[in-house]
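Chains as they are written, first to last, in the UniProt record's numbering: chain X, 1 to 210; chain L, 1 to 210.
In what follows, a single structure is set out as structure tokens and then discussed.
Number of protein chains: 2
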Amino acid sequence: MRISELADLTGVSVATIKYYVREGLLSPGRKLSERLADYDDRHVRRLRLLRVLRDVGAVPVGALKALVDATQDRSATVHDMFGKACDALRVETAVPASRDDHTRALADQIVDQAGWTKVRPDAPERDHLADIIKVILDSGLSTDPEGAAAYLPLVDAIAAYELDQIDAGQDRETMMEQMVLGQVVLGEFLLCLRRLAHEHHSALRFAERR
Amino acid sequence: MRISELADLTGVSVATIKYYVREGLLSPGRKLSERLADYDDRHVRRLRLLRVLRDVGAVPVGALKALVDATQDRSATVHDMFGKACDALRVETAVPASRDDHTRALADQIVDQAGWTKVRPDAPERDHLADIIKVILDSGLSTDPEGAAAYLPLVDAIAAYELDQIDAGQDRETMMEQMVLGQVVLGEFLLCLRRLAHEHHSALRFAERR
DNA sequence: CCTGACTGGATAGCGACAGTATCTAATCTA
DNA sequence: TAGATTAGATACTGTCGCTATCCAGTCAGG
């Protein structure tokens, strides 16, 4: 199919498609001649995926590039690929405070306590967790620092459920797609449900309070 | 205190403080004279809060303004105020697709099933949930549309725990602060834990797979 | 009293980001 | 053969969240 059809089919403008090709998010079409290339349904799929990630998850274009690159490396295991996806999808929280050994230790302790033995000891996510813990402690949010424990089984159940949804029988590109969509869209789903639950529980507690 | 002290204390530049005052995120200092105003520790608190919301949650300045405005309305109940906070903190997912009655019905059904009876029938979050459900269905993410049911008790437990952390004995501004911090920072915490859990469970399932 | 640093307020500018638009020369299609 | 379309390059736009500059008035130290 030609580029204009691809644009019509996906609702993405021709200019944007060209931009994505330039940025390496989308492979160029198969060249038929100097001024004509052919796009197939793999392009349609990819483009739809990219749009969902941007529209729903506001994933920056640079992160999308990292995701594409991770899929490309065919020597890595699926798990390595997923690890790179997690790294790319983590929003860089700008916490300029210097690294803090204490909170980092707390973070490791939480991972330990959750029983997530397979998390790389050098996973960047651990530092990120430490940063967030630092913010929580600094802002006096948690009177009970062990309260995190309450989250762990719940989060574990959610993550296990989501991973079970991924069909191991598919090719790696499809699996990556499911992983990334799960991470972003179901993450949004989760936060949305949580806001609704907040509204309900806040009503139970504070409806009368002025 | 003078503006330069406020800046030093919070690590926010004088120019940025002026910008926040312009945008209505921060009240102007108490005027001592034509060219001098006094800032107190309420300004320090507010400023620290604003920075956390921006640095950790990437909350847009416009949403921060909505939050401040919601706190200002002293006639509303605490619950109304929290409702406005939820509205402001929802990232506008650009799903240009037309509203869909079917997914909206599904959304209402989920809220129902969760037992969140106190959620306003016209809560904007319901539409947002409908949009996300539409994306989930369109992208063929969920083979099992009832799978959402698995999330509900977990999310409910998390939200209930978080609301219980809010100290009803405080003034409304402090309660709002706790609510908003909980929403944003603990939301980030939750997603961070989830990514770690994803890494663990992905290792269990796909470590060998190439 | 003088001088230089600082202030509130207004306005203009900047850099990153995510596209858009324009142009060119070639090529396809009616 | 004429009008539309294309790949590719380059330049432009609009939004966001600050920054920088300017102004004139004021304060604090010597």
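Quick reminder that beta carbons are idealized off the backbone N, C-alpha and C, glycines included.
Since we're looking at a predicted model, the values are computed, not measured.
Asked: How about X/H198 and L/C86: are their beta carbons less than 8 Å apart?; Found: yes
Asked: What residues in the stretch 197-208 of chain X have a beta carbon less than 8 Å from any beta carbon of chain L?; Found: A197, H198, E199, H200, H201, S202, A203, L204, R205, F206, A207, E208
Asked: For X/Q170, is the classification buried or exposed, using 16 other Cβ atoms within 10 angstroms of its Cβ as the cut-off for buried?; Found: exposed
Asked: With a CB to CB cut of under 7 Å and the five nearest residues on each side skipped, what residues in its chain are close to X/A114?; Found: L152, D156
Asked: Touch check for the stretch 52-59 of chain X and the stretch 20-29 of chain X: three-plus C-beta pairs under 8 Å?; Found: no
Asked: Please name the residue or residues paired with X/R30 in a DSSP beta bridge.; Found: X/D38
Asked: Where X/L64 and L/E125 are concerned, what is the direct C-alpha to C-alpha distance, given to the nearest angstrom?; Found: 27 Å
Asked: Is the CB of X/Y161 under 8 Å away from at least one CB in chain L?; Found: yes
Asked: Listing by chain order, which chain L residues have their CB less than 8 Å from the CB of X/Q109?; Found: Within 8 Å Cβ-Cβ: nothing; X/Q109 doesn't reach chain L, min ~13 Å.
Asked: If you measure between the beta carbons of L/V44 and L/L67, is that distance less than 8 Å?; Found: no
Asked: Residue range of the alpha helix (DSSP H) that L/T77 falls in?; Found: That residue, L/T77, is in no alpha helix (DSSP H); it is neither H nor E in DSSP.
Asked: For X/M179, which residues in the same chain have their Cβ closer than 7 Å to its Cβ, ignoring the five residues on either side in sequence?; Found: F82, A85, I166
Asked: Please list, in chain order, the chain L residues whose beta carbon lies closer than 8 Å to that of X/Q183.; Found: R195, H198
Asked: Tell me where the alpha helix (DSSP H) around residue 249 of chain L begins and ends.; Found: Outside the shown range of chain L, which is 1 to 210, sits residue 249 of chain L, and nothing can be said about it.
Asked: Can we say the stretch 104-112 of chain L touches the stretch 124-142 of chain L, given the rule of at least three CB pairs closer than 8 Å?; Found: yes
Asked: Report, in whole angstroms, the separation of the C-beta atoms of X/A168 and L/F206, which I expect to be a contact under 8 Å.; Found: 7 Å
Asked: Which two residues bound the contiguous alpha helix (DSSP H) that contains L/Q178?; Found: 172-181
Asked: What distance in whole Å lies between the Cβ atoms of X/V21 and X/L47, which are believed to be in contact at a cut-off of 8 Å?; Found: Incorrect: roughly 10 Å between the Cβ atoms, too far for contact.
Asked: Might you give, ordered along the chain, the residues of its own chain that have their beta carbon closer than 6 Å to the beta carbon of L/Y39, omitting 5 neighbours on each side?; Found: M1, L6, G29
Asked: Identify which residue in L/W116, L/L141, L/H79, L/M175 has its Cα closest to the Cα of X/E161.; Found: Reading off the sequence, residue 161 of chain X comes out as Tyr, not Glu. Answer by Cα proximity: L/L141.
Asked: Buried or exposed: X/G186, going by 16 or more other Cβ atoms within 10 Å of its Cβ?; Found: It should be pointed out that residue 186 of chain X corresponds to Leu in this sequence rather than to Gly. Buried: at least 16 other Cβ atoms inside 10 Å.
Asked: For L/S202, does the count of other Cβ atoms within 10 angstroms reach 16, so buried, or fall short, so exposed?; Found: buried
Asked: Between which residues of its own chain and X/V78 is the CB-CB distance below 7 Å, once the five residues before and five after are set aside?; Found: R172, M175
Asked: Pull out every residue of the UniProt domain "HTH merR-type" (1-70) of chain X whose Cβ sits closer than 7 Å to any Cβ of chain L, in chain order.; Found: V52, D55, V56, A58
Asked: Do you know offhand how far X/A88's Cα is from X/A70's?; Found: 9 Å
Asked: L/R104 touches chain X at which residues, Cβ-Cβ below 7 Å?; Found: The contacting residues do not exist; L/R104 stays about 13 Å from chain X at best.
Asked: Whose C-beta lies closer than 6 Å to the C-beta of L/Q183 among residues of the same chain, with five residues either side of it excluded?; Found: L89
Asked: Applying a beta-carbon distance threshold of less than 8 Å, which residues of chain X neighbour L/E125?; Found: C192, R195, L196, E199
Asked: For L/E173, would you say it is in contact with chain X, using Cβ-to-Cβ distances shorter than 8 Å as the test?; Found: no
Asked: Counting only C-beta atoms, is X/R210 closer than 8 Å to chain L at any point?; Found: yes
Asked: Quick test of your reading: L/L196 and X/V91, contact by CB under 8 Å. State the CB separation rounded to the nearest angstrom.; Found: With 8 Å as the limit, L/L196 and X/V91 do not qualify as a contact, their Cβ atoms being about 15 Å apart.
Asked: Beta-carbon separation of X/S139 and L/V52 under 8 Å?; Found: yes
Asked: For X/D164, is the beta carbon positioned less than 7 Å from some heavy atom of the ligand MG?; Found: This structure does not include the ligand MG; it has no bound ligands of any sort.
Asked: Am I right that L/R194 and X/I158 are in contact with their C-beta atoms under 8 Å? What's the rounded C-beta distance?; Found: 6 Å
Asked: What separation, rounded to the nearest whole angstrom, lies between the Cα atoms of L/D122 and L/A148?; Found: 21 Å
Asked: Going along chain X in order, which residues have a C-beta closer than 9 Å to the C-beta of L/A150?; Found: A157, I158, Y161
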